[in-house]
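Residue numbers (numbering that gives the first Met the number 0), protein chains in the order written: chain A, 0 to 172; chain B, 0 to 172.
2 protein chains.
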Amino acid sequence: MEHAERLLTAAGELFYRRGVRAVGMDEVRAASGVSLKRLYQCFPSKEALVVAYLERRDERWMASLTASATDVAGVFEWLERWFGEDDFRGCGFVNAYGELGATSEAVRDVVRRHKRRLRDFLRGLVDDEVLADQLLVLVDGATVTAMVDPERGAAAARAAGRAARVLTAACRA
Amino acid sequence: MEHAERLLTAAGELFYRRGVRAVGMDEVRAASGVSLKRLYQCFPSKEALVVAYLERRDERWMASLTASATDVAGVFEWLERWFGEDDFRGCGFVNAYGELGATSEAVRDVVRRHKRRLRDFLRGLVDDEVLADQLLVLVDGATVTAMVDPERGAAAARAAGRAARVLTAACRA
DNA sequence: TAGCCTAGAGAACGACCGTTCTCCGTTCAA
DNA sequence: TTGAACGGAGAACGGTCGTTCTCTAGGCTA
Numbered sequence: 000m001e002h003a004e005r006l007l008t009a010a011g012e013l014f015y016r017r018g019v020r021a022v023g024m025d026e027v028r029a030a031s032g033v034s035l036k037r038l039y040q041c042f043p044s045k046e047a048l049v050v051a052y053l054e055r056r057d058e059r060w061m062a063s064l065t066a067s068a069t070d071v072a073g074v075f076e077w078l079e080r081w082f083g084e085d086d087f088r089g090c091g092f093v094n095a096y097g098e099l100g101a102t103s104e105a106v107r108d109v110v111r112r113h114k115r116r117l118r119d120f121l122r123g124l125v126d127d128e129v130l131a132d133q134l135l136v137l138v139d140g141a142t143v144t145a146m147v148d149p150e151r152g153a154a155a156a157r158a159a160g161r162a163a164r165v166l167t168a169a170c171r172a
Numbered sequence: 000m001e002h003a004e005r006l007l008t009a010a011g012e013l014f015y016r017r018g019v020r021a022v023g024m025d026e027v028r029a030a031s032g033v034s035l036k037r038l039y040q041c042f043p044s045k046e047a048l049v050v051a052y053l054e055r056r057d058e059r060w061m062a063s064l065t066a067s068a069t070d071v072a073g074v075f076e077w078l079e080r081w082f083g084e085d086d087f088r089g090c091g092f093v094n095a096y097g098e099l100g101a102t103s104e105a106v107r108d109v110v111r112r113h114k115r116r117l118r119d120f121l122r123g124l125v126d127d128e129v130l131a132d133q134l135l136v137l138v139d140g141a142t143v144t145a146m147v148d149p150e151r152g153a154a155a156a157r158a159a160g161r162a163a164r165v166l167t168a169a170c171r172a
């Protein structure tokens, strides 16, 4: 079923760029070229579409990160490249949580799962619980700074990367 | 004019807890006890009310932080207390930016101003540009972690505080 | 050809949004 | 006592939302 794919591609771009509540189902239909009837056959509600969007985003985002970053320094180099993309608009999961976390339990869960997966990956890189927590904080913090002030995104990524190096060294000592 | 005060108190609680778009003007009216007519006399549009909410939140949040935290360790102790409050729901500015940053220039500006003020305050504590960037990243990152997974909020604050201590020491060396 | 199933286009529906307007009771000056 | 300004309650308005329904055209089977 390629319809779901087309829908998720269109919805993903729109939801990420403008926010979930700012995008109507009819706009997803127009951008995807899929009829409204089939849209609701693929995803029985907007919430289902949002959850699918987040799950797909999780898969792709994590796949890109894990394929490119094989050590701690690589994570922050990858972040700096991401922050520099012209359609970067912060963490799609944090944004979705801020919009819908108070309303939708399903959204809350998928965001939590994503952050847990990210932490697990970092944990695998450093093999220390507290350091993994600290790296997760650095990643999310740099992403927030880059979103609010895109011009300082690269600087934030590098500052966070330096912090990660110092913390990793301190942890080994 | 106490009406504006009542409106901002009600709107602030609702906007922060549930998100801006999830709260209608009529709900602000009901929660504040101020008539709709006067609401629009005080704030000529919802956007104006949102901007005023964020500006007030900036003032109070920064005042609480600066009054309580006189050094770097104090910042993260203050964060841990904040994360433990039962109505904590992450950074109101990041949430508002995720919802409205793509739409409203005024919201974008007030969020940027807030983050710049926060960075300036941190910069005053440590007197080093890169370290100030790193502390800002730690603060925002810990806030994201605490929002997404409230049970780990205290741990995130402490991990970030330990990271700040290590980074501060490394910077002085 | 005749009948039937599908699927798309988009109208329709009910709810709710931000915003404005109407009505009516009160207050207060003359 | 009259009348005019004010203010609150909430109806009204135009628009949009998520979701469902209708209509029509086309392709398949018999």
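Backbone N, C-alpha and C fix where the C-beta goes; we use that ideal spot for every residue, glycine too.
Residue i in three-state terms, based on DSSP
i                      : result
residue 90 of chain B  : coil
residue 34 of chain A  : coil
residue 152 of chain B : helix
residue 82 of chain B  : helix
residue 101 of chain A : coil
residue 42 of chain B  : coil
residue 8 of chain A   : helix
residue 132 of chain A : helix
residue 68 of chain B  : coil
residue 126 of chain A : coil
residue 20 of chain A  : coil
residue 172 of chain A : coil
C-beta contact flag for residue i and residue j at 8 Å
i                      : j                      : result
residue 98 of chain B  : residue 98 of chain A  : yes
residue 138 of chain A : residue 78 of chain A  : yes
residue 54 of chain A  : residue 109 of chain A : yes
residue 37 of chain B  : residue 2 of chain B   : yes
residue 163 of chain B : residue 50 of chain B  : no
residue 165 of chain A : residue 169 of chain B : yes
residue 94 of chain B  : residue 18 of chain B  : yes
Inter-residue spacing [alpha-carbon to alpha-carbon] between residue i and residue j
i                      : j                      : result
residue 120 of chain B : residue 48 of chain B  : 26 Å
residue 6 of chain B   : residue 155 of chain A : 37 Å
residue 83 of chain A  : residue 34 of chain B  : 47 Å
residue 45 of chain B  : residue 4 of chain B   : 16 Å
residue 100 of chain B : residue 69 of chain A  : 33 Å
residue 85 of chain A  : residue 145 of chain A : 12 Å
residue 96 of chain A  : residue 63 of chain A  : 22 Å
residue 140 of chain A : residue 26 of chain B  : 33 Å
residue 73 of chain B  : residue 43 of chain A  : 49 Å
residue 128 of chain B : residue 149 of chain B : 31 Å
residue 112 of chain A : residue 75 of chain A  : 21 Å
residue 89 of chain A  : residue 61 of chain A  : 15 Å
residue 102 of chain B : residue 133 of chain B : 29 Å
residue 161 of chain A : residue 167 of chain A : 10 Å
7 Å Cβ shell around residue i - same chain, five flanking residues per side excluded
i                      : result
residue 52 of chain B  : 7, 10, 11 and 14
residue 131 of chain B : 118, 121, 122 and 125
residue 81 of chain B  : 87
residue 30 of chain A  : 9 and 13
Residue i, buried or exposed, once every other Cβ within 10 Å from all chains shown has been counted against 16
i                      : result
residue 159 of chain A : buried
residue 142 of chain B : buried
residue 59 of chain B  : exposed
residue 20 of chain B  : buried
residue 40 of chain B  : exposed
residue 67 of chain B  : exposed
residue 23 of chain A  : exposed
residue 32 of chain A  : exposed
Heavy atom of the ligand MG within 7 Å of residue i beta-carbon
i                      : result
residue 113 of chain A : Looking for the ligand MG in the displayed structure turns up nothing, as the structure carries no ligands at all.
Cβ shell of residue i (< 6 Å), same chain only, five flanking positions each side left out
i                     : result
residue 91 of chain A : 15 and 56
Cβ shell of residue i (< 8 Å), same chain only, five flanking positions each side left out
i                      : result
residue 135 of chain A : 114, 117, 118 and 121
residue 157 of chain B : 75 and 79
residue 65 of chain A  : 120
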